[in-house]
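Data block below; observations after.
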Amino acid sequence: MGEKDISEKILEDYDDVFADIVNVLLFGGERRVRETELVSLKSRSQYKADGRLHEQERDVAKLWQRCEIRLAVFGIENQTTIDDDMIFRVLGY
Numbered sequence: 004m005g006e007k008d009i010s011e012k013i014l015e016d017y018d019d020v021f022a023d024i025v026n027v028l029l030f031g032g033e034r035r036v037r038e039t040e041l042v043s044l045k046s047r048s049q050y051k052a053d054g055r056l057h058e059q060e061r062d063v064a065k066l067w068q069r070c071e072i073r074l075a076v077f078g079i080e081n082q083t084t085i086d087d088d089m090i091f092r093v094l095g096y
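Numbering (my numbering), first residue to last: 4 to 96.
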């Protein structure tokens, strides 16, 4: 894992930064997601396929809760270079 990737993960893990990123990318800059409504989720998950145990790791994942109702899980995946298979990895999460 490169130094740039580590720095991005550290920055994006701050709730206020994460909320700003989501609001710009998904809501055209309108402040719908507030930092106080975000809960950090674990970034690793495991699954079994073909008789083997596999592990996936996300860069950053947060649960969006509003009024005690769980609304959405947002995940961010950083790329230094284009990975055409990224969409399939994200769908697997």
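We put the CB at the ideal spot given by N, CA and C, even for glycine. Bear in mind that the values here come from a model prediction, so they are computed numbers and not experimental data.
Can you check whether the CB of residue j is closer than 9 Å to the CB of residue i?
i     : j     : result
Glu60 : Ser43 : no
Asp16 : Val63 : yes
Which whole-angstrom value describes the C-beta separation of residue i and residue j, a residue pair presumed to lie in contact below a C-beta threshold of 8 Å?
i     : j     : result
Val36 : Trp67 : 6 Å
Leu41 : Asp18 : 5 Å
Near residue i, what residues of its chain come up, given a Cβ to Cβ distance below 7 Å and the 5 sequence neighbours on each side ignored?
i     : result
Lys33 : In the sequence as displayed, the identity of residue 33 is Glu instead of Lys. For Glu33, where only same-chain residues beyond five positions count, the Cβ hits under 7 Å are Asn26.
Ala52 : none
What does a CB cutoff of less than 6 Å around residue i pick up in its chain, not counting 5 residues either side in sequence?
i     : result
Ile79 : Glu15, Asp62 and Val63
Arg69 : Glu40
Residue range of the alpha helix (DSSP H) that residue i falls in?
i     : result
Leu44 : Element bounds for Leu44: n/a, residue is neither H nor E.
Val97 : As displayed, the chain neither begins before 4 nor continues past 96, which places residue 97 out of reach and without an answer.
Asn26 : Asp18 to Phe30
Excluding the 5 residues flanking residue i on each side, which residues of the same chain have their C-beta closer than 8 Å to its C-beta?
i     : result
Gln49 : Leu56, His57, Glu58 and Gln59
Glu11 : Asp62 and Asn81
Phe30 : Val36
Going by other Cβ atoms of all chains shown within 10 Å of its Cβ, with 16 needed for buried, is residue i buried or exposed?
i     : result
Leu28 : exposed
On the DSSP letters alone, give me the boundaries of the beta strand (DSSP E) that residue i sits inside.
i     : result
Arg55 : Arg55 to Glu60
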